[in-house]
Structures are given as C-alpha cells and as structure tokens.
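Position one of the sequence shown corresponds to residue 332 (the numbering used here), numbered consecutively onward. Glycine residues also receive a C-beta, built at the ideal position from the N, C-alpha and C atoms.
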Amino acid sequence: MLLSRLIRLVFPLQAIALVALLDLTPPAFAQADALPSWNDTSVKQAILDFVEKVTDESGQDFVPPKERIAVFDMDGTLVPEKPVPLALVPMLADIKEAVAKKPLLGERPAVAALLKGDEAALHAAGEQGIADLIAVATEGKSTEEIVEDVEPLLKKGAHPKFGVSYLEVSYQPMKELLALLAANGFQNWICSGSPVLITRELSDEMFGIPPQRVMGSNAGTKLDERDGKTVLVFDGTVDNFNDGAGKPVTINLALGLRPVFVGGNEGGRGDIAMMRWSKDRSGPSFQVLVNHDDGDREYAYSESDNYSLNAAQKYGFHVVSIKNDWKTVVGRSATEKKMTALTLAQEYEFRGGYPTPETTQKAFDEADLNRAVRAYRFFYPTVSNAAIWKENVRIGVEPNKRFGFLDTQPKHVGFTLNSDTPYGGMLLDLNVGPLVIEVPPGALLGAGLDINQRWIMDMGLPGPDAGKGGKHLLLPPGHTGEAPDGYFVGRSTSYRVIAGMRALPERGDVQGAINRLKTIKVYPLDPSAKWSEPTWFDQTPMPQNQTPTEWEGTFRFWETLHEIVSSEPPLADALTHYGDLAALGIAKGQPFAPDERTKGILEQAAKAGSAQMRVESLSDRRPDRVVWPDRQWQWAALRFENDKFDTPDYRDTYAAEKWFYQAIATSPAMFRRDPATGSLYWLGLRDKDGAYLDGSKTYKLSVPLPVPNRLFWSVTVYDAETRSQIQTEQAKAALRSLFELKDVSGEQTDLYFGPTAPAGQEGRWIQTIPGKGWFVYFRIYGPQPPAFDGSWKPGDFVMVQ
332 MLLSRLIRLV FPLQAIALVA LLDLTPPAFA QADALPSWND TSVKQAILDF VEKVTDESGQ
392 DFVPPKERIA VFDMDGTLVP EKPVPLALVP MLADIKEAVA KKPLLGERPA VAALLKGDEA
452 ALHAAGEQGI ADLIAVATEG KSTEEIVEDV EPLLKKGAHP KFGVSYLEVS YQPMKELLAL
512 LAANGFQNWI CSGSPVLITR ELSDEMFGIP PQRVMGSNAG TKLDERDGKT VLVFDGTVDN
572 FNDGAGKPVT INLALGLRPV FVGGNEGGRG DIAMMRWSKD RSGPSFQVLV NHDDGDREYA
632 YSESDNYSLN AAQKYGFHVV SIKNDWKTVV GRSATEKKMT ALTLAQEYEF RGGYPTPETT
692 QKAFDEADLN RAVRAYRFFY PTVSNAAIWK ENVRIGVEPN KRFGFLDTQP KHVGFTLNSD
752 TPYGGMLLDL NVGPLVIEVP PGALLGAGLD INQRWIMDMG LPGPDAGKGG KHLLLPPGHT
812 GEAPDGYFVG RSTSYRVIAG MRALPERGDV QGAINRLKTI KVYPLDPSAK WSEPTWFDQT
872 PMPQNQTPTE WEGTFRFWET LHEIVSSEPP LADALTHYGD LAALGIAKGQ PFAPDERTKG
932 ILEQAAKAGS AQMRVESLSD RRPDRVVWPD RQWQWAALRF ENDKFDTPDY RDTYAAEKWF
992 YQAIATSPAM FRRDPATGSL YWLGLRDKDG AYLDGSKTYK LSVPLPVPNR LFWSVTVYDA
1052 ETRSQIQTEQ AKAALRSLFE LKDVSGEQTD LYFGPTAPAG QEGRWIQTIP GKGWFVYFRI
1112 YGPQPPAFDG SWKPGDFVMV Q
C-alpha cells in the first residue's frame, strides 16, 4: 500500500504502467519528480505535502476518496486568458457572422472590443460584456452547430504569443498538478466563466477532464424541431454567468459538497468566492492562486486594487508565481523530454541483429523527418525568394520585359522591407544569355541575387562603380565565354535572377528617387539578340505579399521547392542537401508525387522547421547577438565578414537561418561593420527589463542626437508573426530622419510605440496592435565611428503609463 502511494506521488502520469511493470523499473527512476515543471519552492513542497497527508489512511488529515474533489478555474488558471479567453477563439467566427447579419450587434462594447482586438476594452466590459458575447455568438444556433467547429478552429489557429495551436497552450505545471491529483484519487473538475458547451469540447483533450465534469456559463436554450428532429436552440439570453459568488452555487448544484482542492487565478476577482468556500470546509483543504507576474514567458497583469492577492494573504491561500514557481509555462517539461528521448531509444527492437518490422518503419519515419527538417532550414531562402518571384509575376512584372517600382508601405508584405527608400525590382531570366544592367550615376544602391538568395554582385554606391555609374554584366550558369572589358562581372548560379535597386530620396524627394530608378537599363550583351527595352510600372497601389508566410508551414513549401529544383542547376557546394531532397522524392527531372506517408512527414517537417527558425530568429541566445552589454539591442545579422555567413573554419548556418527567417537578400556591403562604408541593422524586440515588446502596451525609445550617419537613419516596426511592416489604421510603420524626424533637435528625441499616441506625440509615434508582438530594425545608412565604438547608442524601450 505504501509503495503504490509512493508511485502515485512520484509518477502521476505513469502510475498505472509503473505499478504493472514495477519489477522492471530502473533504479534511477526513484529520483523522478512529480512536478518537474515546478521550481523547488515552498508552494511546490506544500502541494506535495498536502497530497501525501490527505491520502495517508493512518493520518488524522486523511480524506476519503469520495470527498477528494478538486475544482479549477480554466482561463488564467489552466490556460492563458490573454489576449482573449480560450472559449472566445472559436466563437469569433460566429460573432462576425452575427454582426454581418445584424450590424447593430457590433455596437455592443464587448463585441466591438473583440472585433477590434482591444484587450483593455474587452476586459472593461466585464461580466455583462462576456454575457453579450455568448448571446451574440449562439442566438438561433443549435447546440450541435455551436460545438461542431470548436476543435478544428482551435487546432487551426495559432496563439499569437506561443506560436502553437490553442489546444497546445495549457500551462504545463498545472497539467502536472492535475495528473498528480488524479493519480492520488482526486476527481478533477472545471468551474469556469466560459461557456460550458465550448469548454466541454476541449476539456478532455487538453486536461484529461471528461466533459461531464465541466461547469460553466450557460446560454439560454429552448427545444425546437428542425428537419423533423428535435434540437436545442439558443435563444440569445444567458441563464447563468458562472463567476464570482456564482461559482460556489454552481459547484454545490453539481456536486453537493465543498471541494478539497481549488485552483484559481489573480486578474479578474472571479475565483476568490469558491476558494473561500473550499477553505471553510470541515477538514483539510488547499487553494492555489496563479499570479500572472511573468511578462516575458506569459503575460504580466494584475487587478488595480490587488483584491485577489490581498484575499490570498488574508485567508491563507497559496500564491503561485509564474515567474518564480514555474520552470516551464507552456510546453513539455525537461523531464518529459528526457523520458521521451529515452522512450524513443527503447522502442527500437532488434532480434538477432535484425530490426523488427515496427522498428524498421519507425526508423525510416524518423530518418526521413530529420532529413526533411534539415532540408527545410537549408532551402528556406530559396523558397522565400521564389515567393518574391511568384508574387511579382502575379501583379504584373514580366521577366526581362516589365519591371516594377514600389514606394513601400505596410500593405506591401515582405520580410523586413522598409519605407526609407523606393525599391526597383527586376526579374531577369538568363536563359536568353548574359544580360547587362546599366546603372546611372547617383544615389542608387542594390544587388543581384540568384533564386537561392546567393549574392552575385553589388551595384551603385556599395558596388564597384561606387555610385559613379557602370555596366554590370550577369553571366548565366555554365557560361564559358570571356567577359569583355568595361563591365563589372557577376556569375549567377541560377537562370532566374532578382536584381533589386533602391534610390535614396535626397532631401526627401521620393518622386525624384523613383525617376532615377526608371533610368536603369537592362539589355543583352549580344547586340544581335532579339530584345525589347523593358518598361517600368508603379506597383505601389497594389496590396501584395512577397513572403511564404501563408504556406511556409504546409505542403506547398515543398511543391514550390520542387519547381525550383526541377528548373535550376543545383548549388555546387550543397549537393549533400540535394541528396536529402532526393531521398524525399524531390529530384531534378523526376515528378513529385509523394505517398500519404511521405506527404505527412513533409508537412510535419515544415511546421517543425518553421517553428525552429522562428525561435532562433526571435529568441536568439547566442552571446554574440548583443550589441552593447548594457542594452537589449541585438545584431540583426550575426555575421559581418561576407555574404555567405562563412567563417575561416565553417559556414555559420545558425546565423544564416536567423537572418533569412526575418529578412531577405545578402551582400558583403549590407553586413559590413565598417564606418567607411555600408549600413547598420540593429534588432530590438525586448524592453529594458528583457520582456518581449507587447502591442497592448506603450513604450518610449530615447535616441541621442545627433545620430552618427552620413546619409539617414530610421526605426521601423514589424509584426512578429509576419516579419513585415505592422499594418494598423495609422498605415505607417516607420519613423525616418528624412521625413517624420527631419526637424528633430536637441540632445535627444523620444519616440513612442503603442496602441494610442501619447498626447502631443502623434508625429513621433507608431501604432501597435493589442495581442500582437512586434519588433523594430534601427537602421543607420552611412554609419560613422561613434555607432561602432560605443560612444553613441540608443536607449532601450521603456514602458510608459
């Protein structure tokens, strides 16, 4: 009896299996942790002590199994409730549909706040607001219609902060607590303010709590008949909003006794009543109050009057600090990961040296997944560049015939594009032979890149013509002829080439810069070749997405890559990577028709590869990312020696992947940290305390003046999800020295970023979006020595009220 109780305390997730396999358990497991995602703090120990004493039949605090009831709030206790409560995610489509039919519904404060993504206004709408949302989403629909799309919508959407589906954002420490309680005879229940019908649809999968143990808010229903069958239809009312003092009433109706263990959270005042009711039971009890004090790993917020925290102190509830008590917030614990790796190794079985059929299948699946993830990361720049090519063709650019110029705005989606200068894009097809790009003298800069985003040549100010103008000759793959004199020569590894040029708007003259772009000429080296002079058109009015963001995590990534592999020569220094592709069915000259197994692996690899690159790009932990030890600023590009990310001993693939997930193009001049030439790119994504920049908060950035530049400088805001200029009602994403900041003076200028402009600062403010993360590039064109030697540096982002 004692040994089985010990097993349940130590191994709650594996209790049954461990008891069955007791004689085979390795001795090392004796030191396992029942709550591996919890730090070794007093709260964790108090939980373990409580569970032990109430399950000890010989002790005075023993609680019979039939009384071991544990009740948990859901939003903010088991899952994040920011930016909106979980149950509202699948309801959003229903609310939009209802407002489209009855626009007046959109004037209700909570409905308007939800549709605008205004978290503060949604919270301010209170209990009545949530009731309105439930009523609007459900009125006239049957119970079956409401629940049928809950799970698919939660799986489809990605949480804006954690980047995984909503069904995966439960708090790992609380899942471990639920497992610990269940393994020790507790019956776990949910008592939530969210609609009970929706909460029941996700409780089992997310928390292991069956739907019949879910209590929540109830929308009014009535019996109706449709298509000859009886159905329950929502009537647009809310019978019971299950919050605050209503929770004990609901629990009593469902259970008829006070719970022994209750979990709630600080932030909405709604859980204190049921915690007090539990505390006042006859016999031992335990209450935990989750405190949202970690703005980096989750969200930091509190009640203005600290009502719940004060109540916890007064009544002796245990306060759980997310920042201090939890090792992991969302995701598997370190122990689970180690056990998973051990399990994987143990699942390989060989008999007489030969693999079993199950081991054969498992090994091939895992090997192919490893190949696919490796290939995804390596070929991401290729697919990203293919997206640029495809989108430009879609909006009217024709290779060798019709080029486009763009006065970039937020509606033009492209990885860290900026509105500092107009862009001129030329799609070139070298199947016609060598082509000449004739760049006139003046303030132009750009480069030619092959379809894999391999650098071919710089042109204009950073190039060999140094802004004096010149003829730049592009030679196609395999070209053997001698290049004539009088040309700056570049050899492409692909037939498709994207030549991008930018014109500096001298004295803020954007139209003059565009006119300068249109004087660039392109023509064949062979004067006898059939050729018509290319024309230019304005792409600016057209919304466009020149990124693979809509399909970078899908099978379409591989279809696009197959098209490039089939039509272009392989990169000579990457044949090993093409070998990985060939093993997956992507090879030059061969059709790409994977079976269901391979297709599934490729889709899984696209999701995993994208997630890994996002982490490297936006949560970099390399020491050399830091620009100044006393600042949060990072280098946008980790390497600066050349365009290939090469060191003397190896190619820095980590640096390349970080760069290409958030940006496009490479060039020696672009990365060079040299006051004699080039430009500087600094990445800002955390405030002075190290927390990610949050679209619901307002920040100030102090910039010392003058900024050390020979040309100009700017700060551009990007959406962390799309890595593109943030799209808001302001329709602007940058503060630039040539435009908005041309008249700044004094010792420093203060720039502001947030949902609304501070009074009097409208001209030095960029709007952000509540519920969305964002980051900035601080760019200096023509940087001067103080930008390198540390005698000048911008401040950190500071949150302001």
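#1: According to DSSP, is N583 helix, strand or coil?
#2: Rounded to whole angstroms, what is the Cα-Cα separation between A585 and K938?
#3: Which runs of the alpha helix (DSSP H) fall wholly inside the stretch 495–540 and span at least 4 residues, in chain order?
#4: How about P416 and D406: do their beta carbons lie closer than 8 Å?
#5: Nearest to Y1108 by alpha carbon, out of T747, T880 and Y502?
#6: Counting pairs of beta carbons, one from the stretch 461–468 and one from the stretch 538–551, are three or more of them closer than 8 Å?
#7: State the Cα-Cα distance for the pair W1136 and A778, rounded to the nearest angstrom.
#8: Give the range of the beta strand (DSSP E) segment to which F886 is assigned.
#9: Taking the alpha helix (DSSP H) that S948 belongs to, which residues open and close that run?
#10: I want to know whether the stretch 421–435 touches the stretch 616–633 - three or more CB-CB distances under 8 Å.
#11: If we ignore side chains and look at the alpha-carbon of each, how far apart do T984 and K1028 end up?
#12: Let me know the secondary structure DSSP gives S898 once reduced to three states.
#13: Take every Cβ of the stretch 1091–1108, pair it with every Cβ of the stretch 1047–1059, and state whether three or more of those distances are shorter than 8 Å.
#14: Would you give the residue range spanned by the beta strand (DSSP E) that Q1098 belongs to?
#15: Would you mind stating whether S501 and V374 have Cβ atoms separated by less than 8 Å?
#16: Looking at the unbroken alpha helix (DSSP H) that takes in P808, where does it start and where does it end?
#17: Once you ignore the five residues that flank T752 on each side, which residues in its own chain have a CB closer than 7 Å to its CB?
#18: According to the Cβ coordinates, are S1033 and G1126 closer than 8 Å?
#19: Sort out for me which residues DSSP pairs M1130 with in a bridge.
#20: For V1131, count neighbouring Cβ atoms within 10 angstroms of its own Cβ and tell me buried if that reaches 16, exposed if not.
#21: Using 8 Å as the threshold, is the C-beta distance between L780 and A996 below it?
#22: With distances taken Cα to Cα, identify the nearest neighbour of S825 among F1070, F888, P901 and Q503.
#23: I need the boundaries of the alpha helix (DSSP H) containing A289, first residue and last residue.
#24: For L724, count neighbouring Cβ atoms within 10 angstroms of its own Cβ and tell me buried if that reaches 16, exposed if not.
#25: Which word fits E878, buried or exposed, when buried means at least 16 other C-beta atoms lie within 10 angstroms of its C-beta?
#26: Using 8 Å as the threshold, is the stretch 863–874 in touch with the stretch 795–806, meaning 3 or more CB pairs across them?
#27: By DSSP's criteria, Y1012 is part of a beta bridge. Which residues make up the other side?
#28: If you draw a straight line from the C-alpha of E1093 to the C-alpha of R1067, how long is it?
#29: What residue range is occupied by the uninterrupted beta strand (DSSP E) comprising E556?
#30: Need the endpoints of the beta strand (DSSP E) that H289 sits in, please.
#31: Could you give the DSSP three-state label for V728: helix, strand or coil?
#32: Kindly indicate which three-state DSSP category M832 falls into: helix, strand or coil?
#33: Are Q1115 and R1041 closer than 8 Å when you measure CB to CB?
#34: Quick one: any contact between the stretch 681–698 and the stretch 844–855, if contact means 3 or more CB pairs under 8 Å?
#35: Could you name the residues of the same chain whose beta carbon sits closer than 7 Å to that of N561, not counting the 5 residues immediately before and after it, in chain order?
#36: So what does DSSP say about P1035, is it helix, strand or coil?
In terms of the structure at hand:
#1: helix
#2: 42 Å
#3: 503–514 and 527–538
#4: yes
#5: T747
#6: yes
#7: Because the chain in this structure spans residues 332 to 1132, residue 1136 falls outside the shown range and cannot be described.
#8: It is not in any beta strand (DSSP E) - F886 carries neither H nor E in the DSSP assignment.
#9: E927 to L949
#10: no
#11: 35 Å
#12: helix
#13: yes
#14: W1096 to Q1098
#15: no
#16: Premise fails: P808 is in no alpha helix (DSSP H) and is neither H nor E.
#17: R833, A834, L835, P836 and A844
#18: yes
#19: Y1030
#20: exposed
#21: yes
#22: P901
#23: Since the first residue of the chain shown is 332 and the last is 1132, residue 289 is not available in this structure.
#24: Per the sequence presented here, residue 724 reads as Val, with Leu not at that position. Burial call: exposed.
#25: According to the sequence shown, residue 878 is Thr rather than Glu. Flag for T878 reads buried.
#26: no
#27: R1110
#28: 14 Å
#29: V545 to R557
#30: Outside the shown range of the chain (332 to 1132) lies residue 289, about which nothing can therefore be said.
#31: coil
#32: strand
#33: yes
#34: no
#35: Per the sequence presented here, residue 561 reads as Thr, with Asn not at that position. Taken in chain order, the residues that qualify are L554.
#36: strand
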